[in-house]
Amino acid sequence: MIAPSTRSARSGKIAKLALMVGLALILALGLASLSATASFAAVDGPSTPSAPSGPNAPGEDGFSVEINGPDGGPSSAIITLIGITLLSVAPAILLMMTSFTKIFVVLAMTRNALSLPTIPPNQVLAGLALFLSLFIMWPVLTNVNELGVQPYIAGDLTFDEAIAVGSEPLRTWMLAFTREEDLALMTRAAGMENPASPDDVDLVTLIPAFMISELRAAFIIGFVIFIPFLVIDLVVASVLMSMGMMMLPPVMISLPFKILLFILVDGWGLIVTSLITSYQGG
Numbered sequence: 002m003i004a005p006s007t008r009s010a011r012s013g014k015i016a017k018l019a020l021m022v023g024l025a026l027i028l029a030l031g032l033a034s035l036s037a038t039a040s041f042a043a044v045d046g047p048s049t050p051s052a053p054s055g056p057n058a059p060g061e062d063g064f065s066v067e068i069n070g071p072d073g074g075p076s077s078a079i080i081t082l083i084g085i086t087l088l089s090v091a092p093a094i095l096l097m098m099t100s101f102t103k104i105f106v107v108l109a110m111t112r113n114a115l116s117l118p119t120i121p122p123n124q125v126l127a128g129l130a131l132f133l134s135l136f137i138m139w140p141v142l143t144n145v146n147e148l149g150v151q152p153y154i155a156g157d158l159t160f161d162e163a164i165a166v167g168s169e170p171l172r173t174w175m176l177a178f179t180r181e182e183d184l185a186l187m188t189r190a191a192g193m194e195n196p197a198s199p200d201d202v203d204l205v206t207l208i209p210a211f212m213i214s215e216l217r218a219a220f221i222i223g224f225v226i227f228i229p230f231l232v233i234d235l236v237v238a239s240v241l242m243s244m245g246m247m248m249l250p251p252v253m254i255s256l257p258f259k260i261l262l263f264i265l266v267d268g269w270g271l272i273v274t275s276l277i278t279s280y281q282g283g
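Taking our numbering, the leading residue of the sequence shown gets 2, the next gets one more, and so forth.
Have a look at this one:
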């Protein structure tokens, strides 16, 4: 047990310590307020702004963008700007002016014909369609690079001339796989006269006509792919109905036969080969 005198002594020390801490805090706050008031009173008013500096001389340091490089071609800043712009419109160019759409639609319809809506996944089909498109379009891209890109970088062509010359191989390739009926449809829709020759076809008319032709060809190929798998579904459904197994989904029985048939005929190889050869006639 602690004696009452000891308790009173300890409580007295704690009270003195608390009083000293409180006085120290009050003194610190008072000094801080006095210094802030003195510094505020020392400011008479807003300072006079300095005069603006003049522009830097051509030889001095500063930010500038040069249009032309030292060899007469475009500067690296302009090439970087054009590259960033092309990257922003690259998905539209890939979908509208290459074989990507047709290949992807055919692969997706093949997956649906096999009754496998998520196998292979969309990322796999898109990747396969992308690299097949690069394989098919590589000669065209090489011509575009040789006729338009490299002369523009070397300074032999202006930007407008490079666009006109570089787009010619791509326009010729799209014309080879566009039906005349689709071109006439888009020409009538635009209210323009029929072009006298393929050289008079504008890209504004050619691109949607090419897309319509590609979708039509993709659906024709998809219909042909669906027929043998549809026959398997009909045969399996008829057998199940004759056996009285009406509650059993026919897909559970027909799916292994579809996959077996697809493997035996090397389905992916046939489809990829057919897609590649369909672009060799142009």
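Using N, Cα and C, we set each Cβ at its ideal position, and we do this for glycine too.
Of the other Cβ atoms in all chains shown, fewer than 16 fall within 10 Å of the Cβ of residue 190; this residue is therefore exposed. Residue 143 is positioned such that its CB atom lies no closer than 8 Å to that of residue 226. Setting aside the 5 residues that flank it on each side, residue 96 is surrounded in the same chain by 102, each with a C-beta closer than 7 Å to its C-beta; the list follows chain order. Taking one beta carbon from each stretch, the segment 204-222 and the segment 175-193 have 3 or more pairs nearer than 8 Å; the two touch. Ranked by Cα distance from residue 217, the first of 106, 195, 266, 149 is 106. Within the segment 140-191, the runs of alpha helix (DSSP H) that reach at least 4 residues and sit entirely inside it are, in chain order, 151-155, 160-177, 181-191. Between residue 167 and residue 150, the beta carbon gap of about 6 Å places them in contact (Cβ cut-off 8 Å). Cβ-Cβ distances below 6 Å link residue 233 to 255, 258, 259 in the same chain, with the five nearest sequence neighbours on each side left out; the list follows chain order. The Cβ atoms of residue 280 and residue 132 lie no closer than 8 Å to each other. At a Cβ-Cβ threshold of 8 Å, residue 205 and residue 170 do not count as neighbours.
Just so you know, the alpha carbons of residue 115 and residue 87 end up roughly 38 Å apart. Taking the C-beta atoms as reference points, residue 89 is found no nearer than 8 Å to residue 134.
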